[in-house]
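Take a look at the structure set out below.
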Amino acid sequence: MANWQTVAELQDISADLPHFTQALTELSIRLGLDITGLEADHISLRCHQNTTAERWRRGFEQCGELLSENIINGRPICLFKLYEPVCVQHWQFSIVELPWPGEKRYPHEGWEHIEIVLPGEAQTLNARALALLSDHGLSQPGIFVKTSSPKGERERLPNPTLAVSDGSVTIKFHPWSIETIVASERQE
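The sequence shown begins at 7 in this note's numbering and counts up by one.
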């Protein structure tokens, strides 16, 4: 069982992790978001080419197991449960989201966002997430807020998202953990 940071196919994202961690720290400070008490359950990548996604998949298959493979918003997304976690701040992420490229082009290939779980009613997610952020932080130039409801083909739970980004990295909020969503997909 290899550590993900030693896998040749993942060396670019291993090298990218300090940059992502710093950018995430800076974004949370700008937003006035105290991340210390929050549960973040997974971390996600972005890439521009199918060949990159396929290489990363081969790498993750060497250091973890495929938890889920689904079509979400028209593109494949794999979830891997790693044997050794990706460490960012105080979090240890054992689950990595690997989406194939879609129509949107991201400014950077590598780590792109974390997903924070705010348990509670799906209908109140936006209000609960926004309450954690400062008005000053949200009103700064270059800060973007987006709401969506991504849905996998077999997903049974409503899974709204509130995403806050500076165009470089993103913090997303959901009412359910990714493992709860995956379990809902497996229910008949």
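Built from N, CA and C at the ideal position, the CB exists for glycine as well.
What is the DSSP secondary structure of residue i, counted as helix, strand or coil?
| i | result |
| --- | --- |
| P125 | coil |
| L16 | helix |
| W10 | helix |
| I41 | coil |
| S171 | strand |
Apply the 10 Å Cβ neighbour rule to residue i and answer buried if 16 or more other Cβ atoms are within range, or exposed otherwise.
| i | result |
| --- | --- |
| G173 | exposed |
| P181 | buried |
| I122 | buried |
| E127 | exposed |
| F86 | buried |
| T176 | buried |
Starting from the Cα of residue i, find the closest Cα among the options and give me that residue.
| i | options | result |
| --- | --- | --- |
| N9 | L144, L85, V92 | V92 |
| G143 | S190, W97, S171, I187 | S171 |
| R81 | G116, A59, V175 | A59 |
| E4 | I101, H54, T57, V94 | In the structure as shown, the chain starts at 7 and stops at 194, and residue 4 therefore has no counterpart that could be examined. |
Can you tell me where the beta strand (DSSP E) with residue i in it begins and where it stops?
| i | result |
| --- | --- |
| R52 | 45-52 |
| R192 | First-last for R192: 184-192, but that is the alpha helix (DSSP H), not the beta strand (DSSP E). |
| P105 | 97-105 |
| K110 | Unbroken run through K110: none, as it is neither H nor E. |
If you follow the alpha helix (DSSP H) that residue i is part of, which residue opens it and which one closes it?
| i | result |
| --- | --- |
| L136 | 131-136 |
| T57 | 56-69 |
| L144 | 141-144 |
Inset, instruction - Spell out a yes or no on whether the stretch 125-138 and the stretch 61-68 are touching, meaning 3 or more CB-CB pairs, one atom from each, closer than 8 Å. - result: No: fewer than three Cβ pairs fall under 8 Å.
Inset, instruction - Could you tell me whether the stretch 175-189 touches the stretch 45-55, where touching means 3 or more Cβ pairs closer than 8 Å? - result: With contact defined as three or more Cβ pairs closer than 8 Å, the stretch 175-189 and the stretch 45-55 are in contact.
Inset, instruction - Count the C-beta pairs between the stretch 99-119 and the stretch 22-31 that are closer than 8 Å, then say yes if the count reaches three, no if not. - result: With the cut-off at 8 Å, the stretch 99-119 and the stretch 22-31 touch.
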